[in-house]
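Asks: I have a structure I would like to understand better, so I am pasting it below and will then ask my questions one at a time.
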Amino acid sequence: MEASTPEIIPAQSDTPEDTPSPSPGPQNMTKFNWLKHSRRNNPFVKSRPSLTRDNSSADLVSRQSSSSDFFQNSRMNLFETLPKPEGQNQGYMKGVSFIGWHQRTKLERVLLVTTAVLFLGILLTATLFLTTRGTAYLPVPPCYQPETKDASVCLSSSCIYTASEVIRALDTNQDPCDDFYEFACGGWIRNNPIPEGKSTWGIFSKIELQNQLIIRYALEKVNVTDGGAEAKARIYYDACIDTNETIEKMGEKPLLSVIKELGGWHILPSTTVQHHKWNLQSLLQDVQNTYNLGGLFNWAVTEDDRNSSVHVIVLDQGGLNLPTRDNYLNKTAHKKVLDAYLDYMTRICMLLGANKTEARIQMSRVIQFETELANITTPSEDRRDEEGLYNPYTIRQWQKEAPFLNWTLFFNNAFSLVNRSISDTERIVVYAPDYFRNLTKVIAKYSKTEEDKRTLTSYMMWQVSRSLSTYLSKSFRDATKILRKALFGSEGTEESWRYCVTDTNNAIGFAVGAMFVREVFHGEAKTQGEIMIDNIRSAFKRNLEHLDWMDSETRNAAEVKADAITDMIGFPDYILHKEELDKQYEGLEVKPNEYFQNNIAFNKFSLTNDLKKLDQPVNKTKWGMTPSTVNAYYTPTKNQIVFPAGILQLPFYDGDNPKSVNYGAMGVVMGHELTHAFDDQGREYDRFGNLNQWWNNATIGRFKKRAECIQKQYSDYKMEGQHLNGKQTLGENIADNGGLKAAFHAYLDYSKTARVNVTLPGLNYNHRQLFFISFAQVWCSAMTKESTKMQIEKDDHTIAKYRVIGPISNLKEFSNEFGCSIGTKMNPEHKCEVW
-14 MEASTPEIIP AQSDTPEDTP SPSPGPQNMT KFNWLKHSRR NNPFVKSRPS
36 LTRDNSSADL VSRQSSSSDF FQNSRMNLFE TLPKPEGQNQ GYMKGVSFIG
86 WHQRTKLERV LLVTTAVLFL GILLTATLFL TTRGTAYLPV PPCYQPETKD
136 ASVCLSSSCI YTASEVIRAL DTNQDPCDDF YEFACGGWIR NNPIPEGKST
186 WGIFSKIELQ NQLIIRYALE KVNVTDGGAE AKARIYYDAC IDTNETIEKM
236 GEKPLLSVIK ELGGWHILPS TTVQHHKWNL QSLLQDVQNT YNLGGLFNWA
286 VTEDDRNSSV HVIVLDQGGL NLPTRDNYLN KTAHKKVLDA YLDYMTRICM
336 LLGANKTEAR IQMSRVIQFE TELANITTPS EDRRDEEGLY NPYTIRQWQK
386 EAPFLNWTLF FNNAFSLVNR SISDTERIVV YAPDYFRNLT KVIAKYSKTE
436 EDKRTLTSYM MWQVSRSLST YLSKSFRDAT KILRKALFGS EGTEESWRYC
486 VTDTNNAIGF AVGAMFVREV FHGEAKTQGE IMIDNIRSAF KRNLEHLDWM
536 DSETRNAAEV KADAITDMIG FPDYILHKEE LDKQYEGLEV KPNEYFQNNI
586 AFNKFSLTND LKKLDQPVNK TKWGMTPSTV NAYYTPTKNQ IVFPAGILQL
636 PFYDGDNPKS VNYGAMGVVM GHELTHAFDD QGREYDRFGN LNQWWNNATI
686 GRFKKRAECI QKQYSDYKME GQHLNGKQTL GENIADNGGL KAAFHAYLDY
736 SKTARVNVTL PGLNYNHRQL FFISFAQVWC SAMTKESTKM QIEKDDHTIA
786 KYRVIGPISN LKEFSNEFGC SIGTKMNPEH KCEVW
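Quick note, the sequence shown lines up with residues -14 to 820 if you use the working numbering.
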């Protein structure tokens, strides 16, 4: 093929499959996640900002921790808070008393059976009545016609629940050919207002809440004297819950101690600063290496994109504390955010002992400094060319490009933690060389006077304070409310147990995952999931034969890559083997009632494991998400798709549900992740996960033309008066469209051979229509205006409504099933198609 280079066949990892990998936690972000993707600076560090290479791992949906580095550790959650169970037995399902069947009288048993039968009859009658109202737009008969002679109605508890949820979510007064999202989700949105204190609420939120309750219950029954990984998770959780109020009693002292160790901060009278000893090199090393926190840039040890079997040091732009560069640069549109940010910064400084006036002046200068960083930061939509991001250097070469630091000294300082020396011939990769060249100029500007140096010091101390203040008392956590309100339209309050469950999962996620899996996951889901993936892969490959824009050689290579995609479902097997799980966390020391210090220890533990990877082969079977995560992702450097146990549950999947429901919900997720291997960025990686040109040049041109159609389509959509960013969301939109098509055709293949295809009670839609309804309803959600605006500006995923409308309006099979005439909104004459 034209412009091709030899493929690098990866070396085999020395780490056996499903064994603990060198790095221990859940944040090892691989390449593409369904919700949100960003390459993590350190996969296990919660406080340190991520490497902002925006498509390093494609999530199904954006993770809250990724949507803003600022909030990566704040006590903020988008999910509903629930009251703590009353009584001494606290936890999921605890404190509930059940009277056994044999303990009841004969009369009671007769009444219970009679009541159950009557209830089921009423439910079925009601659902039939509700679903036959307002169906004038539906080109379906008044009664469901089975697709096979052996079809039967499923009356299991999960089928009845699913049917009820589908009916409640529908708004049959809406024309599905005019706005399918409102048709599928109008009832859900009407019946599920955003809970007080939240900025968004949706199906994902509800599943996340359910999983948190399960984890809480599991954590609260762990034996803390065991000493293993699960015991560490319980100790960490208990320290966070802080029933002894140790956190409140300590107040600001733990953070002040860290600031003193870093040389002090001139706005705090309790710390002494020796300005004549000011040294940016030492300060950066202490903050970014010793404490593993954010600084002027991001760096990590991660897979080498050109040879994904080995690790390499990677440098990237960073340093901003608000979610987007536009928050700084568009001061008119974001005045409310900037004012709230300054108020928040000032409040934190005052809680640490600073004078209000002096703190406000100094923090204003810090915002100005961050604005200069924003000016030299490349926007995410301009960072989609993987080849363009890959810039290799030796450290000696790099020293000439960015001389504001002694880079050999900087890296030796970090790697001394693992007794590894770094020479100036060490190879590194830089994703944003221009950022560092311009940063050199900015640093020179802020190193001239004592006042400039104070501003730089204040910026670094603010990075420390922002990251670590979330582990302090309630007054520090409450200080974030005004900024959350400005950014998201809600204060984002939540109960402490929910924050602590999330934080424990972030820190010791695979130990928590073992507990979660034992409570809820069944092997049947994994087996059936693998079958679904194989069917979807086959449908995707078969579709390649009909793409006239691909040359035969590229098409054949695409089929080979599709076959080479590995899948991991549920959880890594090793987490259910205590010795292996304990070994993964053996270097992490957690202590009762020391929540702040536990997080300091966690950061060091994370950095240590990250640094050790440099001389180790890449473990291609390592998971980048914890088992309880309600998400999925694709990793291009591993050519791998992953589906945690957390998403393999209702409404995405249930073994009793009709296959049309499972393929419409979970199947589209699977198709989405598989298609990421062929989106505008994933296509640049070969079957081995190496950045390598394997496409014919003419085919690339035709691909780009079709991708431009998708980009324009989504850029024409508007929400809250603001156009969506089709360029920023291109990869996700390609995956959404390709995933829906592949999953639908995989379902059709299944239905041709299925002996029995059960139906849901009370629904008069055929299975193909139910497929599309199930697909749409996983995206039922509501958002505040502020949160909508933030997602449009920051996220590489499209707003939920258009994740439904965009793909179905491009798929002729949808219009065929719902009888949508050409020219209706859901069946436009001009359609966009890539895969």
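A virtual CB, placed ideally from N, CA and C, is assigned to each residue, including glycine. Please read all numbers here as calculations on a predicted model, not as lab measurements.
(1) Measure the C-alpha to C-alpha separation of Ala399 and Thr489 and round it to an integer number of angstroms.
(2) Please go through the same chain and pick out, in chain order, the residues whose beta-carbon is closer than 8 Å to the beta-carbon of Thr338, but skip the five residues on each side of it.
(3) I need the boundaries of the alpha helix (DSSP H) containing Thr325, first residue and last residue.
(4) Does the Cβ-Cβ distance between Asn616 and Met610 come in under 9 Å?
(5) Throw me the rounded Cβ distance for the Thr684 and Trp820 pair, which I believe falls under 8 Å.
(6) If you pair each beta-carbon of the stretch 315 to 323 with each one of the stretch 367 to 386, do three or more pairs fall below 8 Å?
(7) Mapping the DSSP letters down to three states, classify Ala767 as helix, strand or coil.
(8) Output the distance between the C-alpha atoms of Ile758 and Gln707, rounded to the nearest integer angstrom.
(9) Could you tell me which of Arg405, Asn264, Phe421 sits nearest to Glu357, measuring between CA atoms?
(10) Considering Cα atoms alone, identify which of Gly572, Leu529, Val627 is closest to Thr551.
(11) For Ala542, name the three-state secondary structure that DSSP assigns.
(12) Under a CB-based cut-off of 9 Å, is Gly514 close to chain D?
(13) Using 9 Å as the threshold, is the C-beta distance between Ile361 and Gln302 below it?
(14) When the distance is taken between beta carbons, is Lys341 closer than 9 Å to Thr331?
(15) To the nearest angstrom, how far is the alpha carbon of Thr120 from that of Pro636?
(16) Within 10 angstroms of its Cβ, does Gly572 collect 16 or more other Cβ (buried), or is it exposed?
(17) CA-CA distance, Leu592 and Arg687?
(18) From Glu343, Val486, Pro388, pick the residue whose C-alpha is nearest to that of Gln195; which is it?
(19) Compute the Euclidean distance between the alpha carbons of Glu579 and Glu246, then round it to the nearest angstrom.
(20) Which same chain residues end up closer than 6 Å to Arg540 when comparing Cβ atoms and leaving out the 5 residues on each side of it in sequence?
(21) What's the C-alpha gap between Glu355 and Ala285?
(22) Three or more C-beta pairs under 8 Å: does that hold for the stretch 737 to 753 against the stretch 770 to 787?
(23) Pair every Cβ in the stretch 753 to 770 with every Cβ in the stretch 164 to 174, then say whether three or more of these pairs are closer than 8 Å.
(24) Give me the Cα-Cα distance between Ile179 and Trp173, rounded to the nearest whole angstrom.
(25) I'd like the list of long-range same chain contacts for Tyr444, defined as Cβ closer than 6 Å, with 5 residues on each side in sequence excluded.
(26) Taking the straight line between their C-alpha atoms, what separation do you get for Glu802 and Arg175?
(27) Within its chain, find whatever has a CB closer than 6 Å to the CB of Gln273; leave out the 5 residues flanking it on each side and keep chain order.
(28) What residues are listed by DSSP as bridge partners for Trp284?
(29) If you drop the 5 nearest sequence neighbours on each side, which residues of the same chain put their C-beta closer than 8 Å to that of Phe581?
(30) DSSP has Thr228 in a bridge; who is on the other side?
(31) For Asn642 and Gly304, what's the separation of their Cα atoms in angstroms?
(32) Kindly indicate which residue of Ile428, Gly213, Arg451, Ala148 has the alpha-carbon position closest to the one of Asn264.
(33) Give the straight-line distance between the Cα atoms of Trp186 and Asn681, rounded to the nearest whole angstrom.
(34) Which partner residues does Gly171 have in the DSSP bridge list?
(35) Buried or exposed: where does Glu(-13) fall if 16 or more other Cβ atoms within 10 Å of its Cβ makes it buried?
(36) Note down, in chain order, each residue of its chain lying with its Cβ closer than 6 Å to the Cβ of Asp289, except the 5 sequence neighbours on either side.
Replies: This is what the structure gives:
(1) When only Cα atoms are considered, Ala399 and Thr489 end up about 26 Å apart.
(2) Note that residue 338 corresponds to Gly in the displayed sequence, not to Thr. Only Glu237, Leu241, Leu253, Pro254, Ser255 meet the Cβ criterion.
(3) The residue you asked about is not Thr; residue 325 is Ala in the sequence shown. Per DSSP, Ala325 belongs to the alpha helix (DSSP H) from 320 to 336.
(4) Contact: yes.
(5) Between Thr684 and Trp820 a beta carbon distance of about 13 Å is seen, past the 8 Å cut, so the two are scored as non-contacting.
(6) In short, these stretches do not touch, since the Cβ pair count stays below three.
(7) In the three-state reduction of the DSSP assignment, Ala767 falls in the strand class.
(8) When only Cα atoms are considered, Ile758 and Gln707 end up about 27 Å apart.
(9) The residue with the shortest Cα to Cα distance from Glu357 is Phe421.
(10) Scanning Gly572, Leu529, Val627 for the CA closest to the CA of Thr551 turns up Val627.
(11) DSSP, reduced to helix, strand and coil, places Ala542 within a helical segment of the structure shown.
(12) You won't find chain D in this structure, because it holds only one protein chain.
(13) Yes. Within cutoff.
(14) Inclusion of Thr331 and Lys341 in the CB contact set at 9 Å is warranted, their separation being smaller than that value.
(15) Residue placement at Thr120 cannot be trusted, given a pLDDT of 34 that sits under 50; the coordinates are not used to answer.
(16) By the 10 Å Cβ count, Gly572 comes out exposed.
(17) When rounded, the distance between both Cα atoms is 44 Å.
(18) The shortest C-alpha separation from Gln195 is found at Val486.
(19) Those two C-alpha atoms are separated by around 19 Å.
(20) The residues are Leu529.
(21) Distance between the alpha carbons of Glu355 and Ala285: 22 Å.
(22) Judged by Cβ distances under 8 Å, the stretch 737 to 753 makes no contact with the stretch 770 to 787, as fewer than three pairs qualify.
(23) The stretch 753 to 770 is in contact with the stretch 164 to 174.
(24) Rounded to whole angstroms, the separation of the alpha carbons of Trp173 and Ile179 is 11 Å.
(25) Sequence-distant Cβ neighbours of Tyr444 in its own chain, meaning closer than 6 Å and more than five residues away, are Val351, Phe354.
(26) Near 26 Å, if we compare the C-alpha coordinates of Arg175 and Glu802.
(27) Excluding residues within five positions, the ones whose Cβ falls inside 6 Å are Gly280.
(28) DSSP output for Trp284 lists Leu300 as bridge partner(s).
(29) Once the five neighbours on either side are set aside, the close Cβ partners of Phe581 are Ile232, Met235, Pro239, Leu240, Leu453, Tyr456, Leu457.
(30) For Thr228, which the question treats as bridged, DSSP gives no partner whatsoever.
(31) Going by the C-alpha atoms only, they are around 47 Å apart.
(32) Nearest option by C-alpha distance: Ile428.
(33) Distance between the alpha carbons of Trp186 and Asn681 is about 44 Å.
(34) None; Gly171 has no bridge partner.
(35) Any reading at Glu(-13) needs caution, since the residue's pLDDT is 39, under 50, leaving its predicted position unreliable; the model's value is listed next. That one is exposed.
(36) Non-local beta-carbon contacts of Asp289 in its own chain, meaning distances under 6 Å to residues more than five positions away in sequence, involve Val295, Val297 in chain order.
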